[in-house]
Amino acid sequence: MQFEDLNLIEPLLRAVRAEGYTTPTPIQQQAIPHVLEGRDLLGIAQTGTGKTAAFALPILQYLAQKPRQHNGIRVLVLAPTRELASQISDSFRVYGKNTHTKAIVIFGGVGQTPQVEALRRNPEVVVAAPGRLLDLMNQGIVRLDKLEVFVLDEADRMLDMGFIHDVRRIIAALPRQRQTLFFSATMPGEIQSLARDILREPVRVEVTPAATTVEKIEQSVYFVEKKQKLALLQRVLQDDGIRRVLVFTRTKHGANRLSQQLGRVGINAEAIHGNKSQTARETALANFKRGTTRVLVATDIAARGIDVEEITHVINFELPHEPETYVHRIGRTARAGADGSAYSFCDSEERPLLRDIERLTRMRIPVRETPTDLPSAAIEERPPRPEFGGGRSSNRNQPSQGNAPRSRSESSERREAPRPQAARPEPSRSGDAPRPQAARSEPTSRSESPRPMQQASRPAPASNNRPGMDRSSSDASASNRPPQPVRRKRPLPAEEDREAPVLTDRFGNPIRIASSPAPVQPAQPVSPDTSAPAPGDADTPSAEAPRANPNNRRRRRRSGQRTPNPA
Numbered sequence: 122m123q124f125e126d127l128n129l130i131e132p133l134l135r136a137v138r139a140e141g142y143t144t145p146t147p148i149q150q151q152a153i154p155h156v157l158e159g160r161d162l163l164g165i166a167q168t169g170t171g172k173t174a175a176f177a178l179p180i181l182q183y184l185a186q187k188p189r190q191h192n193g194i195r196v197l198v199l200a201p202t203r204e205l206a207s208q209i210s211d212s213f214r215v216y217g218k219n220t221h222t223k224a225i226v227i228f229g230g231v232g233q234t235p236q237v238e239a240l241r242r243n244p245e246v247v248v249a250a251p252g253r254l255l256d257l258m259n260q261g262i263v264r265l266d267k268l269e270v271f272v273l274d275e276a277d278r279m280l281d282m283g284f285i286h287d288v289r290r291i292i293a294a295l296p297r298q299r300q301t302l303f304f305s306a307t308m309p310g311e312i313q314s315l316a317r318d319i320l321r322e323p324v325r326v327e328v329t330p331a332a333t334t335v336e337k338i339e340q341s342v343y344f345v346e347k348k349q350k351l352a353l354l355q356r357v358l359q360d361d362g363i364r365r366v367l368v369f370t371r372t373k374h375g376a377n378r379l380s381q382q383l384g385r386v387g388i389n390a391e392a393i394h395g396n397k398s399q400t401a402r403e404t405a406l407a408n409f410k411r412g413t414t415r416v417l418v419a420t421d422i423a424a425r426g427i428d429v430e431e432i433t434h435v436i437n438f439e440l441p442h443e444p445e446t447y448v449h450r451i452g453r454t455a456r457a458g459a460d461g462s463a464y465s466f467c468d469s470e471e472r473p474l475l476r477d478i479e480r481l482t483r484m485r486i487p488v489r490e491t492p493t494d495l496p497s498a499a500i501e502e503r504p505p506r507p508e509f510g511g512g513r514s515s516n517r518n519q520p521s522q523g524n525a526p527r528s529r530s531e532s533s534e535r536r537e538a539p540r541p542q543a544a545r546p547e548p549s550r551s552g553d554a555p556r557p558q559a560a561r562s563e564p565t566s567r568s569e570s571p572r573p574m575q576q577a578s579r580p581a582p583a584s585n586n587r588p589g590m591d592r593s594s595s596d597a598s599a600s601n602r603p604p605q606p607v608r609r610k611r612p613l614p615a616e617e618d619r620e621a622p623v624l625t626d627r628f629g630n631p632i633r634i635a636s637s638p639a640p641v642q643p644a645q646p647v648s649p650d651t652s653a654p655a656p657g658d659a660d661t662p663s664a665e666a667p668r669a670n671p672n673n674r675r676r677r678r679r680s681g682q683r684t685p686n687p688a
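In our numbering, the protein residues as written are 122 to 688.
See the structure below:
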């Protein structure tokens with residue numbers, strides 16, 4: 122069967138011939154006639170079988186034959202990853218270049234302003250990832266009430282990535298009268314439930330059993346220890362027949378580390394995963410397509426979105442936890458009828474994962490002979506840590522002139538060496554003997570060197586007459602160190618020797634305060650006939666003490682001086 126036998130219009134046939142396609146794949150032969158009739162479709166096919174053209178060609182013909190009656194979005198295609206969304210959008214542009222159909226792509230990781238401006242131009246086809254599309258719907262920028270065709274591609278991958286709830290929210294905003302195309306490589310229970318909810322009397326198209334690998338892929342497995350995987354990968358990549366290889370890891374950190382390790386031995390490799398920016402992912406993928414990068418290290422999230430022709434080999438550096446993912450990984454090679462090879466590195470901990478893969482694919486993977494001369498680690502996983510103390514130079518064992526590094530034991534000896542003390546005069550008190558000090562032994566090795574103390578040790582008691590203590594040994598050890606004077610508290614002066622505090626008034630005149638207050642004079646009885654003052658009594662000084670001025674007291678309090686107590 123040729124593409125001309127599928128009743129496609131001439132603009133589409135010219136675009137297909139320009140791409141070099143003449144014979145449709147099995148999924149295209151079965152799906153295109155039903156989609157042209159307007160039926161809902163449930164397509165089960167593995168990756169690399171041509172599903173994109175199976176729904177893009179009939180949709181473009183539907184849009185070309187039915188004039189547009191509104192400015193809303195007519196076709197919506199949901200894809201799980203950015204790379205897959207970009208490739209589907211490119212397919213619409215390539216196949217519809219002879220028509221007037223406008224298609225745009227929407228995904229996260231980039232600014233939404235250019236995407237909003239593209240939506241204002243009223244495109245007919247929108248290819249989107251669920252996250253960014255749902256965000257624009259919540260902002261009121263995207264409306265899907267006039268949608269005519271809805272395509273859900275890689276539905277099982279949507280479930281694996283946790284997008285199934287976002288997909289249901291998007292489907293709830295679609296009109297009931299629409300055509301739905303549902304494609305998936307596997308059919309888990311939840312995917313079957315979703316298909317029953319959104320499809321109306323669908324036509325089931327199943328090219329090959331679910332999770333069945335392509336027959337043209339030559340599969341093999343190496344049994345190798347985990348520490349020798351790097352050496353085995355380096356040995357395998359020495360084959361010149363491996364021109365363009367895709368290496369899969371389970372984690373993003375593992376992909377970055379593996380690409381760096383390959384670069385250290387002269388193998389041009391780049392990493393692509395979800396933590397990379399969209400610009401970095403597109404650059405790495407473009408270099409891999411052009412052949413600038415020979416090895417592309419990827420994670421499972423990017424597995425469905427890599428559609429690169431002429432990938433000769435796929436290497437599973439780490440086996441996936443889910444056996445269905447293995448089918449998607451190796452489906453990156455042998456695309457469009459080409460041949461390909463898939464190698465898997467399996468260590469002792471991954472043997473159960475290999476049995477699950479063979480049970481799912483219903484085939485036994487051939488075993489390749491592992492080289493016996495592989496080192497434990499051909500590439501260092503990380504640079505060696507510096508010795509105690511750190512430093513910028515990686516070669517710390519070779520001292521430079523004028524700046525030789527000291528060892529830890531030497532540094533400890535310098536810290537533990539006692540400081541020279543000046544001789545102090547002995548106290549003249551009788552009965553005070555110098556305190557004995559235990560002799561310290563110098564550290565002999567690095568392991569025996571004590572750690573520097575943060576606080577000074579407690580002083581030993583002055584008397585040596587303690588039970589169980591050898592007086593002679595303590596005297597001998599005390600003679601090795603200079604005697605330490607006994608520090609005692611200074612006695613307080615006697616009450617009569619204390620000096621009274623000297624205060625000054627505001628004019629600077631000293632005010633002497635007695636140590637003990639003056640006795641209070643008893644009040645003299647006043648007689649009636651002496652109540653009037655005598656003529657010369659005005660010049661006689663009063664027996665009462667003068668009262669302090671309260672203003673002076675405030676000034677002294679501000680200046681920190683003591684306020685005198687009036688006598």
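All C-beta atoms in this analysis are idealised placements derived from N, C-alpha and C, irrespective of residue type, glycine included.
(request) Assign V246 to buried or exposed, taking buried as 16 or more other Cβ atoms, counted over all protein chains shown, within 10 Å of its Cβ. (result) Counting from one through the sequence shown, the residue named residue 246 turns up at place 125. V246 comes out buried.
(message) With distance defined between alpha-carbon atoms, name the residue in P323, L265, L315 nearest to M279.
(response) One-based indexing of the sequence shown puts residue 279 at position 158. Answer by Cα proximity: L315.
(request) Could you check if A293 is buried or exposed, using at least 16 other CB atoms within 10 Å of its CB as the buried criterion? (result) In the sequence shown, the residue the question calls residue 293 occupies position 172. A293 should be labelled exposed.
(request) Can you have a look at L133 and say buried or exposed, based on whether 16 or more other CB atoms are within 10 angstroms of its CB? (result) Your numbering for residue 133 matches position 12 in the sequence shown. With 16 or more Cβ atoms within 10 Å of its Cβ, L133 is classed as buried.
(message) I'd like to know whether the C-beta atoms of L199 and L254 end up nearer to each other than 9 Å.
(response) Locating residue 199 in the sequence shown gives position 78, where the first residue counts as 1. Locating residue 254 in the sequence shown gives position 133, where the first residue counts as 1. Closer than 9 Å, so yes.
(message) Check for me: the beta strand (DSSP E) holding T301 runs from which residue to which?
(response) In the sequence shown, the residue the question calls residue 301 occupies position 180. Note, T301: beta strand (DSSP E), 300-305.
(message) Could you pull the DSSP bridge partners for F466 from this structure?
(response) Here the question's residue 466 lines up with position 345 in the sequence shown. Paired residues: Y343.
(message) Is it buried or exposed, N437, if we count other Cβ atoms within 10 angstroms and call 16 or more buried?
(response) Here residue 437 is taken as the residue at index 316 of the sequence shown, counted from 1. Answer is buried; the Cβ neighbour count reaches 16.
(message) At the level of alpha carbons, what is the spacing between Q300 and L354?
(response) Stepping through the sequence shown from its first residue, residue 300 is reached at position 179. Stepping through the sequence shown from its first residue, residue 354 is reached at position 233. Q300 and L354: Cα-Cα distance of roughly 47 Å.
(request) State the Cα-Cα distance for the pair G387 and P441, rounded to the nearest angstrom. (result) By one-based count along the sequence shown, residue 387 stands at place 266. By one-based count along the sequence shown, residue 441 stands at place 320. If I take the Cα positions, the gap works out to 28 Å.
(request) Take the Cβ of A224 as the centre, count every other Cβ of all protein chains shown within 10 Å, and call the residue buried at 16 or more, exposed below. (result) Stepping through the sequence shown from its first residue, residue 224 is reached at position 103. A224 is buried by the Cβ-count criterion.
(message) Judging by CA-CA distance, which residue of R321, P179, R195 is the nearest neighbour of S212?
(response) Within the sequence shown, the letter at position 91 stands for residue 212. Among R321, P179, R195, the Cα nearest to that of S212 is on P179.
(request) Going by CA-CA distance only, name the one from R385, D421, D428, N396 that's closest to L406. (result) Position 285 of the sequence shown, counted from the start, is the residue given in the question as residue 406. Comparing Cα positions, the closest option is D428.
(message) Here's the rule I'm using: 16 or more other beta-carbon atoms within 10 Å means buried, otherwise exposed. How should S465 be labelled?
(response) Translated into the one-based positions of the sequence shown, residue 465 becomes position 344. S465 is buried by the Cβ-count criterion.
(request) Taking only the alpha-carbon atoms, compute the straight-line gap between D277 and R195 and give it to the nearest angstrom. (result) As a position in the sequence shown, residue 277 is number 156, starting the count at 1. As a position in the sequence shown, residue 195 is number 74, starting the count at 1. Each residue's Cα considered, the two are about 24 Å apart.
(request) State whether the segment 179-189 contacts the segment 346-361, with contact taken as three or more CB pairs (one from each stretch) at a distance under 8 Å. (result) no
(message) Just to confirm my understanding: we take P539, look at its own chain, exclude 5 residues before and 5 after, and list those with CB closer than 7 Å. What are they?
(response) Sequence index remark: in the sequence shown, residue 539 carries index 418 (1-based). Model confidence at P539 stands at a pLDDT of 47, short of 50, so the residue's coordinates are unreliable and nothing is read from them.
(message) When you compare the CB positions of L417 and I393, do they come within less than 9 Å of one another, or not?
(response) Taking the first residue of the sequence shown as position 1, residue 417 is located at position 296. Taking the first residue of the sequence shown as position 1, residue 393 is located at position 272. In this structure, I393 lies closer than 9 Å to L417 by Cβ.
(message) Quick check on F628: buried or exposed, where buried means 16 or more other Cβ atoms within 10 Å of its Cβ?
(response) Counting from one through the sequence shown, the residue named residue 628 turns up at place 507. Exposed, by the Cβ-count rule.
(message) Using a Cβ-Cβ cutoff of less than 6 Å, which residues in the same chain neighbour K350 once the five nearest sequence positions on both sides are dropped?
(response) As a first step, residue 350 is located in the sequence shown; it is residue number 229 there, counting from the start. Excluding sequence neighbours, K350 sits near F466.
(request) Using alpha carbons as the reference points, say which of P235, R242, V248, T143 lies closest to A177. (result) Counting from 1 along the sequence shown, the entry for residue 177 is found at position 56. Ranking P235, R242, V248, T143 by Cα distance to A177 puts V248 first.
(request) Please name the residue or residues paired with A392 in a DSSP beta bridge. (result) In the sequence shown, counting from the first residue as 1, residue 392 sits at position 271. The partner list for A392 (beta bridge, DSSP) reads V418.
(message) Between which two residues does the beta strand (DSSP E) holding N377 run?
(response) Taking the first residue of the sequence shown as position 1, residue 377 is located at position 256. Element bounds for N377: not the beta strand (DSSP E) but the alpha helix (DSSP H), 373-385.
(request) From the DSSP output, in three-state form, read off N437 for me. (result) Here the question's residue 437 lines up with position 316 in the sequence shown. Here N437 sits in strand by DSSP.
(message) Output needed for P319: all residues of its chain with C-beta closer than 6 Å, excluding positions within five of it in sequence on either side, in chain order.
(response) As a first step, residue 319 is located in the sequence shown; it is residue number 198 there, counting from the start. Checking the sequence, you will find Ile at residue 319 rather than Pro. These residues qualify, in order along the chain: I292, T301.
(request) Inspect the beta-carbon positions of L481 and V448 and report whether they are closer than 9 Å. (result) As a working note, residue 481 is residue 360 in the sequence shown. As a working note, residue 448 is residue 327 in the sequence shown. The answer is yes: Cβ separation under 9 Å.
(request) Assign D126 to buried or exposed, taking buried as 16 or more other Cβ atoms, counted over all protein chains shown, within 10 Å of its Cβ. (result) Locating residue 126 in the sequence shown gives position 5, counting from the first residue. D126 should be labelled exposed.
(message) Helix, strand or coil for R189? Go by DSSP, reduced to three states.
(response) The count along the sequence shown starts at 1 and reaches residue 189 at position 68. DSSP places R189 in coil when its eight states are reduced to three.
(message) Can you give me the C-alpha to C-alpha distance between R290 and F271, rounded to a whole angstrom?
(response) What you label residue 290 is simply residue 169 of the sequence shown in a count that begins at 1. What you label residue 271 is simply residue 150 of the sequence shown in a count that begins at 1. Answer to the nearest angstrom: the Cα atoms are 14 Å apart.
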